[in-house]
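Q:
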Ligand code: ADP
Ligand code: MG
């Protein structure tokens, strides 16, 4: 028997040309091949004798002998091959385009099986471009049955994959099944062996479905085992417990310029309770855009700093880090003193006890381009080196920053709490780095504005505790949302003009333009060729910017923002927009992340159909931050009814979680999991909408680990778990 870990280069049929192509699909071993599952099946089960083919548009299969075959050349190296196939009842015609080699591969008297759609021309009914194969046994591979269709890549067709996979199914031994027997029996799942075989070549759609379910279950089950195990591991780690001081927290919360919403209070409480524990918190704070996550995190940071431990707050961009620094210093320093004041005055103020509740608290800002700190409302710029020293000495109570805070020369004296804003923007290594630069493992609070559907929360984030903020602060106005067709844009422009004249500002978002060929080369400005989809965003934004600034609104000040700009440039543009210097900001999705521009009242999104609903909802959250009535205009550039219906969901729905569920149903989980961070296999991914299956997997994983915590009676499972791609946190 062939071992499953046999490299594919050992297989006949895998040559030097196809090897790299298969690897591109992630297939390296026999196991990889067998676990490359079809995403659908062609149903060629209906056998119809030649004589009984009556109508065009039917899918039929038949077997017979080639009695005539001829290729005619057409213009431009095109050709048509016509064959006559005779079975016991009569003769049927088959036509293939541009496959002149068929004349050689299917010579006269060849016994063939063909499957395809019937068509009608002036000579009568025929099979148009049917699938075909020489009949060597009674078990066809590509015709006359449910035929698997695989995810393909250039040069690796489904036919080729079937050719490779079919003989392997009887050549490998997959009798040892990682799933416990009692689980298989309980849910009536097929064994691994039969599931793998029939997922590729099922006898019926039901059989295929059962097999897929079983394989998906196995993956979800492993995922659950993994997250339960890593939760348990986390319990072994030593954190820095941070005492909860309810009175102090209460007076801090009372000092805020607004009242916390109920959800904010609950989330804050959950976090503060976690911080008291001897093992590190690993909690995700999930709340819609504008739901007020920052202040929740800040309260936890405040409590941490009160206990003379440090808190670090990492944001994905400089703009955001600076904004947080501004917000946090002003919220913490209740009686913030303007930096222009005489320091002696400040000192007197300080001694008379009028400053913030925590007078000695120093808040730092560290980004790639600057280091600053604030104390009692006074700000001071320093060199990075000095900042690093202050951090190492423990002088900085709360540090806010970008990736700069995880550089290796940044060492904390005692880091108690690490906060990750917009956690999905960070990679596994960055999170790990954030947790590693201290003697103890700090508590971790991750935040995201992407509402996470329940099924995803249970799987991908299974090893986290989750706090939800669903409630919005009371003062929020409803944002008017409208889907408009491309040809109504003129009207939209009139509306924009009115708003700008009334003193408001406008966001215009452009998605990347679709490239006919994703490998297409777009000329970069500096003359170098770059194969980079980012450039297609830049191109789209540049075109829109030119159109708006030259043709539509030459009278207004318009700026452009995209991901290829230097951070400094972006910063400048953003600051200009924030200060009201620009009327319109045309941007790619880089603007998505947390920027606060209260004066902006319109969010116009071009080609909105290219975005997921949850993401559109996030863009929408950029406006409506102040008292002005705000609008979100979604331009449907696709002229597609399905898309229109999808976008219309946003007109009536303000609930990010509901929209996220909708996205998951319509577009799959890719929207939420991002750069393959979750380490989740494809089939499990595809099952992420199946709450029932996920619940089963979770239940069984819990039961099994309770019965056998070390999995010592399940060596196969244990082994698979060890190999299972390592993910996130504490690793
Ligand atoms: P996000 O959850 O998107 O990060 P922020 O924390 O940036 O939201 O909060 C958005 C705005 O709402 C900020 O200006 C913040 O000061 C304000 N805010 C937060 N909580 C409340 C509240 N309970 N009532 C009123 N305004 C609030
Ligand atoms: Mg935020």
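Numbering (our numbering), first residue to last: 10 to 740. Using N, Cα and C, we set each Cβ at its ideal position, and we do this for glycine too.
State the start and end residues of the unbroken alpha helix (DSSP H) segment that holds residue 658.
A: Taken as a continuous stretch (DSSP letters only), the alpha helix (DSSP H) holding residue 658 covers 650 to 661.
Q: Taking residue 470 as the reference, give the member of 297, 235, 562, 175 with the closest Cα.
A: The shortest Cα separation from residue 470 among 297, 235, 562, 175 belongs to 235.
Q: If contacts are defined as beta-carbon pairs under 8 Å, then residue 59 and residue 121 qualify, I think. What distance do you get, rounded to the angstrom?
A: In fact, because the Cβ distance is near 12 Å, the residues do not count as touching under 8 Å.
Q: First and last residue of the alpha helix (DSSP H) that includes residue 214?
A: Looking at the DSSP string, the run of the alpha helix (DSSP H) that includes residue 214 is 214 to 245.
Q: Between residue 615 and the ligand ADP, is there a pair consisting of the residue's CB and a ligand heavy atom that are separated by less than 7 Å?
A: Flag unset: Cβ of residue 615 not near the ligand ADP.
Q: Do residue 549 and residue 519 come within 8 Å of each other at the CB atom, strictly closer than that value?
A: Contact: yes.
Q: Can you tell me the Cα-Cα spacing of residue 22 and residue 28, whole angstroms?
A: Computed Cα separation, rounded: 10 Å.
Q: Take residue 9 as the anchor and find which of 570, 592, 588, 574 has the nearest alpha-carbon.
A: Outside the modelled stretch of the chain, which goes from 10 to 740, sits residue 9, for which no answer is possible.
Q: Could you tell me whether the Cβ atoms of residue 45 and residue 170 are closer together than 8 Å?
A: It is a contact, given that the beta carbons lie within the stated cut-off.
Q: Assuming residue 514 and residue 608 form a contact by the criterion Cβ under 8 Å, report the distance between their Cβ atoms to the nearest whole angstrom.
A: Yes, residue 514 and residue 608 are in contact; Cβ-Cβ is about 5 Å, under 8 Å.
Q: Using 10 angstroms around the beta-carbon of residue 110, count the other beta-carbons present and answer buried if the total reaches 16, otherwise exposed.
A: So residue 110 ends up on the exposed side.
Q: With DSSP as the reference, identify every bridge partner of residue 464, one or two as the case may be.
A: None, per the DSSP bridge assignment.
Q: Can you give me the C-alpha to C-alpha distance between residue 365 and residue 375, rounded to a whole angstrom?
A: Because the pLDDT at residue 365 is just 46, under 50, the model does not fix this residue reliably, and the value given afterwards should be weighed accordingly. Their backbone Cα atoms lie some 22 Å apart in a straight line.
Q: By the 10 Å Cβ neighbour count, where 16 or more other Cβ atoms means buried, how is residue 148 classified, buried or exposed?
A: Answer is exposed; the Cβ neighbour count stays below 16.
Q: Taking just the CA atoms, how far does residue 247 sit from residue 712?
A: Rounded to whole angstroms, residue 712 to residue 247 spans 27 Å at the Cα level.
Q: Does the distance from the C-beta atom of residue 134 to that of residue 127 stay below 8 Å?
A: The answer is yes: Cβ separation under 8 Å.
Q: If you check the beta carbons only, do residue 433 and residue 283 fall under 8 Å apart?
A: Not a contact, by the Cβ cut-off of 8 Å.
Q: Distance, Cα to Cα, residue 303 vs residue 728?
A: Near 41 Å, if we compare the C-alpha coordinates of residue 728 and residue 303.
Q: Taking Cβ to Cβ, would you say residue 395 is nearer than 8 Å to residue 373?
A: Against a cut-off of 8 Å, the Cβ pair of residue 373 and residue 395 comes out as no contact.
Q: Are there any heavy atoms of the ligand MG lying less than 7 Å away from the beta-carbon of residue 14, as far as the coordinates show?
A: Every heavy atom of the ligand MG is 7 Å or more from the Cβ of residue 14, so no.
Q: Could you tell me how far apart the beta carbons of residue 16 and residue 37 are, in whole angstroms, since I believe they sit closer than 8 Å?
A: Contact flag correct, Cβ pair sits at about 7 Å.
Q: Under a Cβ-count criterion, where at least 16 other Cβ atoms within 10 Å of its own Cβ denotes burial, should residue 226 be classed as buried or exposed?
A: With 16 or more Cβ atoms within 10 Å of its Cβ, residue 226 is classed as buried.
Q: Just to confirm, is the Cβ distance from residue 622 to residue 668 under 8 Å?
A: The answer is yes: Cβ separation under 8 Å.
Q: Reducing DSSP to helix, strand and coil, say where residue 530 ends up.
A: Confidence at residue 530 is low in this model, with a pLDDT of 43, below 50, so the placement of that residue should be treated as unreliable; the coordinate-derived value is given next. In the structure shown, residue 530 sits in coil (DSSP, three-state: anything other than H, G, I, E or B).
Q: Just to confirm, is the Cβ distance from residue 31 to residue 177 under 8 Å?
A: In this structure, residue 177 does not lie closer than 8 Å to residue 31 by Cβ.
Q: When the Cβ atoms of the stretch 237 to 251 are set against those of the stretch 402 to 420, are three or more pairs found closer than 8 Å?
A: At 8 Å Cβ cutoff, the stretches do not touch.
Q: Can you tell me whether residue 81 is helix, strand or coil according to DSSP?
A: Three-state result, residue 81: strand.
Q: Our contact map puts residue 665 next to residue 182 with C-beta atoms below 8 Å; I'd like the distance itself, whole angstroms only.
A: In fact, because the Cβ distance is near 49 Å, the residues do not count as touching under 8 Å.
Q: Using a 10 Å radius around the Cβ and a threshold of 16 neighbouring Cβ atoms, would you call residue 92 buried or exposed?
A: Residue 92 comes out buried.
Q: If you follow the beta strand (DSSP E) that residue 455 is in, where does it begin and where does it stop?
A: From DSSP, the beta strand (DSSP E) with residue 455 extends over 452 to 457.
Q: What separation, rounded to the nearest whole angstrom, lies between the Cα atoms of residue 633 and residue 460?
A: Approximately 19 Å between the Cα atoms of the pair.
Q: Just list the alpha helix (DSSP H) runs in the stretch 592 to 643, keeping only unbroken ones of 4 residues or longer that don't cross its boundaries, in chain order.
A: Here the runs fully enclosed are 622 to 629.
Q: Give me the DSSP bridge partner(s) of residue 390.
A: Partner(s): 381.
Q: Residue 156 and residue 53 - do their beta-carbons sit closer together than 8 Å?
A: Taking 8 Å as the Cβ cut-off, residue 53 and residue 156 qualify as a contacting pair.
Q: Tell me, which residues are paired with residue 56 by DSSP?
A: Note: residue 56 sits in a beta bridge opposite 70.
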